[in-house]
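A.B. asks: Using this note's numbering, you'd call the opening residue of the sequence shown number 465 and step up by one each time. Mind having a look at this structure? Questions to follow.
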Amino acid sequence: MDLAQIRHVARLAELRLDEKEEEELTAQVGRIVDFFKELDAVDVSNVPPTSHVTAAEQPPLRPDEVVPGVPHDEALAAAPHAAHGGFAVPTFVE
């Protein structure tokens, strides 16, 4: 990624970067991209695809069981802020 792309992504993420941070980030992302290019160059044509880390046909799963949840009043009692019977959180959308 070049500096213009870093600035574009930073703007999309609403990040304010100074010039030094932009340069550092450009270099870091460049090293990451170079590493992926190295990985892409590895010949894996004789390696069978893997989708699970276990040798089993299906990964071990626990059976679905319905269990009671935390009672409403108990959950609200543990909350830092509650209002109108629910969790109160800081405003994040204007």
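In this text, a Cβ means the ideal position worked out from N, Cα and C, and glycines have one as well.
What does the alpha-carbon distance come out to for the pair H545 and T555?
C.D. replies: 13 Å
A.B. asks: Short check: CB of A491 to CB of L481, under 7 Å?
C.D. replies: no
A.B. asks: Taking only three categories from DSSP, how would you classify A552?
C.D. replies: coil
A.B. asks: List the endpoints of the continuous alpha helix (DSSP H) containing A468.
C.D. replies: It spans L467 to L476 - the alpha helix (DSSP H) in which A468 sits, taken as one unbroken run.
A.B. asks: Mapping DSSP to helix, strand and coil, what is A543?
C.D. replies: coil
A.B. asks: How would you call I496, buried or exposed, if buried means at least 16 neighbouring beta carbons within 10 angstroms?
C.D. replies: Around the beta carbon of I496, fewer than 16 other beta carbons sit within 10 angstroms, so the residue counts as exposed.
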